[in-house]
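Trainee:
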Amino acid sequence: MSNKTIAIIKPDAVAKNVIGEIVAKITQAGFKVNGLRLIRLTRAQAGAFYEIHKERPFYGELIDYMTSGPVVPIALEKENAVEDFRKLIGATNPAEAEEGTIRKLYGAGIEANAIHGSDSDENAAIETNFFFSRSDIVNINQ
Ligand code: CMP
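Taking the working numbering, the leading residue of the sequence shown gets 2, the next gets one more, and so forth.
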């Protein structure tokens with residue numbers, strides 16, 4: 002079990018100006034921030050990031066949405082990080098997310114759902130390398 006995960010605060014939440022509120026929820030839940038950036042993804046980057054969903058009917062819209070404004074990838078560390086972070090953000094569809102979760106609080110819909118969290122230790126490592134280079138991140142070897 003790894004202790005790292007990746008969050009991405011998505012364009013809808015950045016546009017709502019709630020980056021600070023979301024980072025506070027994450028750190029209050031015991032996660033440590035090892036890396037954080039504010040970036041605008043190109044279509045090629047968003048397409049590569051979500052390559053796993055390429056055959057899904059919503060793929061094109063997902064790429065439009067993820068490139069519609071800046072996003073905030075955050076490298077996080079905590080024991081049992083992947084699972085605990087997915088609990089903190091709640092179900093993909095904010096309407097189905099538990100009260101108090103980040104998607105329930107800040108998500109607008111199944112696509113504009115405020116935040117992404119890695120779904121496995123393997124993907125957490127891939128997503129860390131996608132957004133951060135070794136010099137951007139602290140504690141990368143711990
Ligand atoms: P995320 O957890 O980042 O992983 C894939 C994303 O695709 C998901 O959050 C949503 O933003 C989006 N997504 C998933 N299911 C749907 C759907 N049925 N319609 C539109 N977008 C979706």
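Positions of the beta carbon are idealized from the N, C-alpha and C atoms, including for glycine. If you're wondering where the values come from, they're calculated on a predicted model, not measured in any experiment.
#1: By the three-class DSSP mapping on this structure, what secondary structure does Ile138 have?
#2: To the nearest angstrom, how far is the alpha carbon of Phe32 from that of Ala49?
#3: For Leu77, which beta-bridge partners are listed by DSSP?
#4: On the three-state DSSP scale, how would you describe Val24?
#5: Give me, in chain order, the residues of the same chain whose beta-carbon lies closer than 6 Å to that of Arg104; leave out the 5 immediate sequence neighbours on both sides.
#6: Flag this pair as yes or no: are the beta carbons of Arg1 and Pro71 separated by less than 7 Å?
#7: Return yes when the Cβ of Ile20 is within less than 7 Å of the Cβ of Ile1, no when it is not.
#8: Indicate, with yes or no, if ligand 1 has a heavy atom lying under 6 Å from the CB of Phe132.
Mentor: In short, the structure shows the following:
#1: Residue state for Ile138 is assigned as coil, using DSSP reduced to three classes.
#2: 27 Å
#3: Partner residues in the beta bridge of Leu77, as assigned by DSSP, are Thr6 and Val34.
#4: Helix.
#5: Ile90, Gly91, Pro95, Ala98, Asn114 and Ala115
#6: Any property of residue 1 remains undetermined from this structure, which presents the chain solely from 2 to 143.
#7: Residue numbering for the chain in the displayed model covers 2 to 143; residue 1 lies beyond these limits and cannot be assessed.
#8: Ligand 1 has no heavy atom closer than 6 Å to the beta-carbon of Phe132.
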